[in-house]
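A.B. asks:
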Amino acid sequence: MLQYLEDHFDLSDTKFVGASAGSLLSALTLCHVPAKAAILEAYRLAVEAGAFDRPLGLAGVWGNLVSTWLGTLLPEDAHKRCSGRATIVVARVPNMELIGVDAFATRDELLRSLLASCHVPFVLDGRPWVPWDHHQTGPLDSVMDGSLMEFFDPSRASYHPFYDEGTQHGIVIDYFLDEELEYNRMSFLQLRDFPHVLNYVRRGYEYGRRIHARGELSMLSPRSFPRDTLDLDGVLHEGARIREANRGPGGGDPPVVVERAKGRRRGKRRDAGDGGGTATM
């Protein structure tokens, strides 16, 4: 979906609000990391970690993989590109207060904030929560994934405290809004084979095309020269090369990445107000 927006709209004045996978995608988009590069790097790391051979898949090692993935993909000035443009949301334990930060003094501070925002309890590294220190908040003992409350209370969307629907143009990006997808709440914990993942990428791109045709992206400025950069055949071919290069004696087709599911909600869009758009995830 975000790749479609990048291909067809000028996002240079767009701000992003995101928790969990939404925070990661916000940073990758603002740093102009192509979807192809992100997908193939995630696949390579999962294959090299032997995720297919582990009884629990990525559980317990996911955090290290995400950290390495971000460290590889994000440029040295990522914190400068994201400051003032991305609000990264975490949940404070135990009251689950939503805290958002939108300025990053260093690249390391940005990376630590992204990892805190997507810390699914016990799954990433075995810990229920993580300590976090950011210059806008000071040190906090315990934070976790900023979108988890949506599983239990969809009205507590992670973007609500940071996005004024009355004064800002905005679009909610959430695959629960795609009427053609089948999903369940815990699908983000399931490993997918590579063709399955690419099918989700394709469907996300097509979802962007559909809502564009319906006029639901009118708050965004179109590109002078729109393009279609999604080359899934090429990605599939390169994924096969990664798989072959890491195939063990027993063969087999290792899995690739994970999906992030969020609680069901209906997104609201507004056309009033001034300034750039806001993409909320």
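Residue 173 in the working numbering sits at position 52 of the sequence shown, and the numbers go up by one each step.
From the three backbone atoms N, C-alpha and C, an ideal C-beta is built for every residue, glycine too.
DSSP three-state label for E218, please.
C.D. replies: Start at 1 with the first residue of the sequence shown, and residue 218 comes out as number 97. Here E218 sits in strand by DSSP.
A.B. asks: So for I294, helix, strand or coil by DSSP?
C.D. replies: Here residue 294 corresponds to residue number 173 of the sequence shown, with the count starting at 1. The answer is coil: DSSP assigns I294 none of H, G, I, E or B.
A.B. asks: With a CB to CB cut of under 7 Å and the five nearest residues on each side skipped, what residues in its chain are close to S342?
C.D. replies: Numbered from its first residue, the sequence shown carries residue 342 at position 221. Closer than 7 Å at the Cβ level, and outside the excluded window around S342, lie F130, D131.
A.B. asks: Which one or two residues does DSSP pair with F346 in a beta bridge?
C.D. replies: If you number the sequence shown from 1, residue 346 lands on position 225. Partner(s): none; F346 has no beta bridge.
A.B. asks: By Cβ distance, which residues of its chain are closer than 8 Å to G192, with the 5 residues on each side in sequence left out?
C.D. replies: Taking the sequence shown and counting its residues from 1, the one referred to as residue 192 is at position 71. Cβ within range, chain order: L232.
A.B. asks: Whole angstroms is fine: what's the gap from L145's alpha carbon to S276's?
C.D. replies: Counting from 1 along the sequence shown, the entry for residue 145 is found at position 24. Counting from 1 along the sequence shown, the entry for residue 276 is found at position 155. Between L145 and S276, the C-alpha separation is close to 22 Å.
A.B. asks: So, does the stretch 258 to 265 touch the stretch 282 to 289, judging by three or more C-beta pairs under 8 Å?
C.D. replies: no
A.B. asks: By DSSP, does W253 sit in helix, in strand, or in coil?
C.D. replies: The residue given as residue 253 occupies position 132 in the sequence shown. W253 falls in the strand class under three-state DSSP.
A.B. asks: Measure the alpha-carbon distance for G397 versus R202 and round it to whole angstroms.
C.D. replies: As a first step, residue 397 must be located in the sequence shown, where it is residue number 276. As a first step, residue 202 must be located in the sequence shown, where it is residue number 81. Low confidence applies to G397: its pLDDT is 43, below 50, so where it sits in the model is not reliable enough to give any reading.
A.B. asks: If you draw a straight line from the C-alpha of H205 to the C-alpha of Y280, how long is it?
C.D. replies: Numbered from 1 along the sequence shown, position 84 holds the residue referred to as residue 205. Numbered from 1 along the sequence shown, position 159 holds the residue referred to as residue 280. Contrary to the premise, residue 205 reads as Gly rather than His in this sequence. Cα-Cα distance, rounded: 16 Å.
A.B. asks: I need the DSSP call for A170, collapsed to helix, strand or coil.
C.D. replies: In the sequence shown, the residue the question calls residue 170 occupies position 49. If DSSP states are grouped into helix, strand and coil, A170 belongs with coil.
A.B. asks: Terminal residues of the continuous alpha helix (DSSP H) containing P315?
C.D. replies: Indexing the sequence shown from 1 puts residue 315 at position 194. Reading off the sequence, residue 315 comes out as Phe, not Pro. Start and end: 315 to 334.
A.B. asks: Are there 16 or more other CB atoms within 10 angstroms of the CB of S268, so buried, or fewer, so exposed?
C.D. replies: Mapped onto the sequence shown, residue 268 falls at position 147. So S268 counts as buried.
A.B. asks: Would you check if the distance between the CB atom of V138 and the CB atom of T208 is smaller than 8 Å?
C.D. replies: Here residue 138 corresponds to residue number 17 of the sequence shown, with the count starting at 1. Here residue 208 corresponds to residue number 87 of the sequence shown, with the count starting at 1. Result yes, Cβ atoms of V138 and T208 sit closer than 8 Å.
A.B. asks: In whole angstroms, give me the CA-to-CA distance for N216 and V264.
C.D. replies: Along the sequence shown, one-based indexing puts residue 216 at 95. Along the sequence shown, one-based indexing puts residue 264 at 143. Rounded to the nearest angstrom, the two C-alpha atoms are 10 Å apart.
A.B. asks: Relative to the alpha-carbon of T135, which residue among M340, R362, S345, R364 has its alpha-carbon at the smallest distance?
C.D. replies: Locating residue 135 in the sequence shown gives position 14, counting from the first residue. The shortest C-alpha separation from T135 is found at M340.
A.B. asks: Can you give the Cα-Cα distance for V356 and L151, rounded to whole angstroms?
C.D. replies: Walking along the sequence shown from the start, residue 356 turns up at place 235. Walking along the sequence shown from the start, residue 151 turns up at place 30. Each residue's Cα considered, the two are about 22 Å apart.
A.B. asks: Going by the CB atoms, is the gap between C239 and V322 shorter than 8 Å?
C.D. replies: By 1-based counting over the sequence shown, the position of residue 322 is 201. By 1-based counting over the sequence shown, the position of residue 239 is 118. Against a cut-off of 8 Å, the Cβ pair of C239 and V322 comes out as no contact.
A.B. asks: Can G267 be considered in contact with the ligand MG, in the sense that its beta carbon sits closer than 7 Å to one or more heavy atoms?
C.D. replies: Ligands in the displayed structure: none, and consequently the ligand MG is not present.
A.B. asks: V211 and V283 - do their beta-carbons sit closer together than 8 Å?
C.D. replies: Locating residue 283 in the sequence shown gives position 162, where the first residue counts as 1. Locating residue 211 in the sequence shown gives position 90, where the first residue counts as 1. According to the sequence displayed, residue 283 carries Phe and not Val. No.
A.B. asks: What's the gap between the Cα of L126 and the Cα of N320?
C.D. replies: Here residue 126 refers to the residue found at position 5 of the sequence shown. Here residue 320 refers to the residue found at position 199 of the sequence shown. Straight-line Cα distance between these residues: approximately 18 Å.
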